[in-house]
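Asker:
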Amino acid sequence: MSRLVREWLLALGLYHLTTHEDRKEIDRIIEERYGMYCDDAIAQGLVSEEEFREIVEAVLRRRRKRKKVELVEIA
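Quick note on my numbering: the sequence shown kicks off at -18 and runs consecutively.
1. On the three-state DSSP scale, how would you describe L27?
2. So what does DSSP say about Y(-4), is it helix, strand or coil?
3. Would L(-7) be called buried (16 or more neighbouring beta carbons within 10 Å of its own) or exposed?
4. Classify Y15 as helix, strand or coil using the three-state DSSP reduction.
5. Using a 10 Å radius around the Cβ and a threshold of 16 neighbouring Cβ atoms, would you call S29 buried or exposed?
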C-alpha cells in the first residue's frame, strides 16, 4: 500500500472506513489511470482531492455491493 494514499485517507478522515484490500484497490486504480506508481501521481499533483474522494467512494460502494450480494446468497 502506498504511503501517500494512507496519508490522504488519514487526513480526510476516511482511513477507518477502508480495509487493507480497499487501500490496495485505491492504489491500483490510481496507477491504472496515470500509468505510474500511485505515490508519484499524488506527489506530482495529478490526483486532486475531489478525484481521490471519488475513487475511495467507488471502492467502498463496490465492497458494500459485494457484501450485500454475499448476504443474499447466504439467505
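Ideal Cβ positions, reconstructed from N, Cα and C, are used throughout, including at glycine.
Answerer: In short:
1. Here L27 sits in coil by DSSP.
2. DSSP, read as helix, strand or coil, puts Y(-4) in helix.
3. The residue in question, L(-7), is exposed, as its Cβ has fewer than 16 Cβ neighbours within 10 Å.
4. If DSSP states are grouped into helix, strand and coil, Y15 belongs with the helices.
5. With fewer than 16 other Cβ atoms within 10 Å, it is exposed.
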